[in-house]
Amino acid sequence: MRYLYILLGLILFSIGTVAIWIPGLPTTGFYFFAAFCWARSSPRLHAWLIRNKYHQRYVEEGVYQRKLSQKQRIAIYAMSAGFMAIPFFTVGKLWLQLTLIGCSAAQIISMEAFYRGYWFKSWFKGHQATSQLEESVDSE
């Protein structure tokens with residue numbers, strides 16, 4: 000089973016890399032699932048991913064503990080709006096412009112609802128903090 004996860008991770012990573020140059024094909028999802036497969040293939044790799052500083056900062060603190068500050072969220076919204084402004088001003092199709100505005104509004108509403116605690120209040124109740132996870136892995 001281990002080698003199946005490694006092979007599947009390689010395939011997904013390859014598709015994600017090719018997707019960089021193909022418009023409309025998402026890259027992030029393929030990379031995410033490749034990381035998932037590789038983490039499942041090796042307990043050592045999984046432990047490294049969990050202890051990684053980026054995982055700590057963005058996943059552990061940002062998602063599980065909801066510690067993403069208002070300033071950081073505004074930076075995310077501004078960057079997203081900047082990227083959405085490119086097709087908004089270049090395409091000139093009203094339906095696309097309205098869709099982009101709707102997507103931006105949905106992103107802001109959903110992220111603010113999540114970080115203010117309106118949605119998914121008990122979503123991560125059973126989640127072990129990385130420090131607790133490390134203690135359980137070290138004790139085994």
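All letters in the sequence shown, in the order written, are residues 0 to 139 by numbering that gives the first Met the number 0.
By construction, the Cβ of each residue, glycine as well, lies at the ideal position given by its N, Cα and C atoms.
This structure is a prediction, so every number in the text was calculated from the model and none was measured.
Coil, strand or helix - residue i by DSSP
i	result
Leu97	helix
Gln64	coil
Tyr117	coil
Met110	helix
Thr27	helix
Nearest candidate by alpha-carbon position, reference residue i, set the options
i	options	result
Phe35	Ile10, Lys52, Gln106 and Arg56	Ile10
Gln106	Ala74, Phe12 and Arg1	Ala74
Phe113	Gly91, Arg65 and Leu93	Arg65
Gly28	Trp47, Gly8, Ile108 and Pro42	Gly8
Arg72	Phe119, Met110, Trp37 and Leu97	Met110
Val62	Arg115, Tyr2 and Val90	Arg115
Arg1	Leu93, Pro22, Ser41 and Lys52	Ser41
Own chain partners of residue i with C-beta closer than 8 Å, once the 5 adjacent residues on each side are dropped
i	result
Ile19	Thr26
Arg39	Tyr4 and His45
Val90	Gln96
Neighbourhood of residue i by C-beta distance below 7 Å, restricted to the same chain and skipping five residues each side
i	result
Ser103	Ser79, Ala80 and Met83
Pro86	Leu95 and Leu99
Tyr30	Phe12 and Gly15
His54	Leu48
Boundaries (first-last residue) of the alpha helix (DSSP H) holding residue i
i	result
Lys70	Gln69 to Val90
Pro42	Pro42 to Arg50
Tyr2	Arg1 to Val17
6 Å CB neighbourhood of residue i in its chain, flanking five on each side removed
i	result
Ala33	Gly8, Leu11 and Phe12
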